[in-house]
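All remarks here apply to the structure that follows.
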Amino acid sequence: MSRVCELTGKGPMTGNNVSHANNKTRRRFLPNLNDVSLQSEALGRAFKFRISAAALRTVDHRGGLDKFMAKAKDSELSPNALKVKKAIAKASDTAEALS
Numbered sequence: 001m002s003r004v005c006e007l008t009g010k011g012p013m014t015g016n017n018v019s020h021a022n023n024k025t026r027r028r029f030l031p032n033l034n035d036v037s038l039q040s041e042a043l044g045r046a047f048k049f050r051i052s053a054a055a056l057r058t059v060d061h062r063g064g065l066d067k068f069m070a071k072a073k074d075s076e077l078s079p080n081a082l083k084v085k086k087a088i089a090k091a092s093d094t095a096e097a098l099s
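FYI, full-length UniProt numbering numbers position 27 of the sequence shown as 27, with every residue one higher than the one before it.
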């Protein structure tokens, strides 16, 4: 399983460990990934994602999965998240057409 956030595309970064003697050795900074289930109001079901803690805060800030996906860039989303985004967009389009 890759260490990449499914919603934001955030992945590992590299840098240095710096000792007190100023010795530098390479290291990796890994994103804080969590397995979560997010509820879609348009589709009426939950989806499981592996996302960073920062992405989870962003989803809450924007008002839920549906509103987050509406603003999300396709290039940052995983293939699984892209399918969910298209399904949400299709469901919201049909809901607007019916009302």
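Where is the CB? At the ideal position from N, CA and C, for every residue including glycine. Here the structure is a predicted model, which is why all the values come from computation and not from measurement.
> Cα separation between Ala81 and Leu56?
Replying inline: By one-based count along the sequence shown, residue 81 stands at place 81. By one-based count along the sequence shown, residue 56 stands at place 56. Their Cα atoms are separated by approximately 14 Å.
>> Determine whether the beta carbon atoms of Ile88 and Ala46 lie at a separation below 8 Å.
In response: Stepping through the sequence shown from its first residue, residue 88 is reached at position 88. Stepping through the sequence shown from its first residue, residue 46 is reached at position 46. Contact flag unset, no.
> For the candidate residues Ser37, Pro12, Gln39, whose alpha-carbon lies nearest to that of Arg26?
Replying inline: Here residue 26 corresponds to residue number 26 of the sequence shown, with the count starting at 1. Ranking Ser37, Pro12, Gln39 by Cα distance to Arg26 puts Pro12 first.
>> Quick check on Ser52: buried or exposed, where buried means 16 or more other Cβ atoms within 10 Å of its Cβ?
In response: The sequence position of residue 52 within the sequence shown is 52, counting from 1. It counts as buried.
> For Val4, does the three-state DSSP call read helix, strand or coil?
Replying inline: The residue labelled residue 4 in the question sits at position 4 within the sequence shown. Reduced to three states, the DSSP call for Val4 is coil.
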